[in-house]
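Step one of this worksheet: look at the structure below.
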Amino acid sequence: MVSVQINENESIDKMLKRFKKKYERAGVLKEYRKKAYFVKPSIDNRLKRSRGKRRAQRANEERNS
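Below is the structure:
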C-alpha cells in the first residue's frame with residue numbers, strides 16, 4: 003500500500019505529486035491492469051517472445067546508428 007505523510011508547511015499539491023510518483027513507481031496500476039483479465043499461458047508466452055524480439059530489434063538499431 004502506498005502512503006505519504008504530509009510535511010510541515012507543504013501544500014496539498016506537492017503532497018499529491020509525491021503520492022502520484024510513489025504510486026507509479028510501485029506499479030499498482032500496472033499490476034491491476036495485468037490482473038484485470040485472464041490471459042492463457044500460451045498467449046502470454048507468445049506476447050513475451052514478441053516483446054523480447056521488439057526490444058532486441060530496437061537495441062540492435064540503436065547500436066548500428
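Take any residue in the sequence shown, count from 1 to its spot, add 2: that is its number in our numbering. For glycine and all other residues, C-beta sits at the position ideal for the given N, C-alpha and C.
Own chain partners of residue i with C-beta closer than 8 Å, once the 5 adjacent residues on each side are dropped
{"i": "M17", "result": "V6, I8 and N9"}
{"i": "K36", "result": "none"}
Through-space distance from residue j to residue i, alpha-carbon basis
{"i": "A28", "j": "D15", "result": "20 Å"}
{"i": "R56", "j": "N47", "result": "14 Å"}
{"i": "S13", "j": "K42", "result": "46 Å"}
{"i": "S52", "j": "Y34", "result": "22 Å"}
Neighbourhood of residue i by C-beta distance below 6 Å, restricted to the same chain and skipping five residues each side
{"i": "E64", "result": "none"}
{"i": "K24", "result": "V4"}
Q: Write down every uninterrupted run of the alpha helix (DSSP H) in the stretch 4 to 42 whose length is 4 residues or greater and which is fully enclosed by it, in chain order.
A: 14 to 28 and 30 to 37
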